[in-house]
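Visitor:
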Amino acid sequence: MSSSTNGQWYPPEWPDRIRALANGELTPAAPRRAATVLLLRDSDTGGPAVHMLRRRASMAFAGGAYAYPGGGVDPRDERPVAWAGPSRAQWAVRMGVDPATAQAIVCAAVRETFEEAGVLLAGASADTVVADTTGEDWEADRAALVAHELSFADFLGRRGLVLRSDLLGAWARWITPEFEPRRYDTWFFVAALPEGQRTRNTSTEADRTVWIRPADAAAGYDRGELLMMPPTIATLRGLQPYATAADALAAAEAQNLTPVLAQARLVGGEIVLSWPGHDEFTKHIAQTDAGSGASGDGAPDGPSGAPSPSGGTPA
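According to the working numbering, the residues represented by the sequence shown are 611 to 925, in order.
1) Which word fits H661, buried or exposed, when buried means at least 16 other C-beta atoms lie within 10 angstroms of its C-beta?
2) Could you give the DSSP three-state label for G733: helix, strand or coil?
3) Flag this pair as touching only if the segment 800 to 810 and the segment 714 to 730 have three or more C-beta atom pairs under 8 Å; answer yes or no.
4) Are T842 and A640 closer than 8 Å when you measure CB to CB?
5) When you compare the CB positions of G650 and V820, do they come within less than 8 Å of one another, or not?
6) To the nearest angstrom, how far is the alpha carbon of T743 from that of R752?
7) Once the 5 residues before and after G901 are set aside, which same chain residues still bring their CB inside 6 Å of it?
8) Work out the CA separation of T786 and A630 for me, nearest whole Å.
9) Any idea which residues DSSP pairs D795 with across the strands?
10) I'd like to confirm the pairing. Which residues does DSSP put opposite V772 in its beta bridges?
11) Going by CA-CA distance only, name the one from T854, W797, A732, F789 that's closest to R768.
12) Check this for me: beta carbons of G695 and R774, under 8 Å apart or not?
13) Starting from L777 and walking both ways along the alpha helix (DSSP H), at which residues does that stretch end?
14) Starting from Q873, follow its DSSP beta bridges and name the residues at the other end.
15) How far does the beta strand (DSSP E) with R627 in it reach, from first residue to last?
Right, dumping it as structure tokens:
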């Protein structure tokens, strides 16, 4: 059964898997690319609010944890789409990947936001955004995307829509620890809720959605009332200084995208688990605690059919 410390989710099998990795008995799985989006809107109570989902308690992975919309990259996300905003080459430079990979990750971020929150960062032109995505025809397309019956490129093409990459800002990158059986290389983006659109709970993996100020969500985590994984609480803390959604989006360009990857060491008979640059998640696990649980994870927020996103990738 999963456990938590200060609201932080962790699986009980981690100590044994960490020891197996340290002893050369475990081969790390290759991480799958994923994307998740911190969808923001301005509030009247000071600072923007962020859209979060609570994973169903019945979920085997991070049940009950709060996360953002997100999921794994679909190979079809590399297909050509009408594109507005920074070019694929510019995104590639910002993200440190090749242009095809940059497009796939950005497309996944936009697609997953539509699939899991009903919000679409696309418009009929490079300077417009669709105003309403709640009709039955939109819902049919969303369901087809979730079922992999429709590619995102075909969806945009059929509707004559342009992907608005300028509405996204790359915020962080977390990679699931090497001792996890399912691993994700998850990109976290920020975006402002487009005018006229509204979120709705369209994820089959979530039983609740909320708009909450990052400071309030972080306080709930600190009190042990809101369950979260390290990428989620880390990105929430990072958002707290910004007064508006626009401020956060503008700040994205300066965010450090160096991947955060947990490190596990055996020191004097105990496991020391840490995330570089995030000391609050460091844990010391005694040899006698095998099976009692470590803490945290770098998985994505809310991917459908996977740890559902950081982050995806739930986080």
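C-beta: ideal position from N, C-alpha, C; glycine also.
Guide: With the structure as the only source:
1) Locating residue 661 in the sequence shown gives position 51, counting from the first residue. Looking at its Cβ environment, which holds 16 or more other Cβ atoms inside 10 Å, H661 is buried.
2) The sequence position of residue 733 within the sequence shown is 123, counting from 1. Looking at G733 - three-state DSSP - the assignment turns out to be strand.
3) yes
4) Position 232 of the sequence shown holds residue 842. Position 30 of the sequence shown holds residue 640. Their beta carbons are not under 8 Å apart, which means T842 does not touch A640 by this criterion.
5) One-based indexing of the sequence shown puts residue 650 at position 40. One-based indexing of the sequence shown puts residue 820 at position 210. First, the amino acid is wrong: residue 650 is Leu here, not Gly. For L650 and V820, no; Cβs fall outside 8 Å.
6) Within the sequence shown, residue 743 is the residue found at index 133, counting from 1. Within the sequence shown, residue 752 is the residue found at index 142, counting from 1. Roughly 9 Å separates the two Cα atoms.
7) To locate residue 901, count along the sequence shown from 1; it is residue 291. The predicted position of G901 is uncertain, since its pLDDT is 43 and thus under 50; a value taken from the coordinates is nonetheless stated next. Taken in chain order, the residues that qualify are P622.
8) Within the sequence shown, numbered from 1, the residue matching residue 630 stands at position 20. Within the sequence shown, numbered from 1, the residue matching residue 786 stands at position 176. Distance between the alpha carbons of A630 and T786: 17 Å.
9) Residue numbering aside, residue 795 sits at position 185 when the sequence shown is read from its first letter. Bridge partners of D795: R643, I785.
10) Translated into the one-based positions of the sequence shown, residue 772 becomes position 162. G733.
11) Here residue 768 corresponds to residue number 158 of the sequence shown, with the count starting at 1. Ranking T854, W797, A732, F789 by Cα distance to R768 puts A732 first.
12) Counted from its first residue, the sequence shown places residue 695 at position 85. Counted from its first residue, the sequence shown places residue 774 at position 164. Yes. Within cutoff.
13) As a working mapping, residue 777 is identified with position 167 in the sequence shown. Careful: L777 lies outside any alpha helix (DSSP H) and carries neither H nor E.
14) Numbered from its first residue, the sequence shown carries residue 873 at position 263. Q873 pairs with S884.
15) As a working note, residue 627 is residue 17 in the sequence shown. No beta strand (DSSP E) holds R627; the alpha helix (DSSP H) holding it covers 624 to 632.
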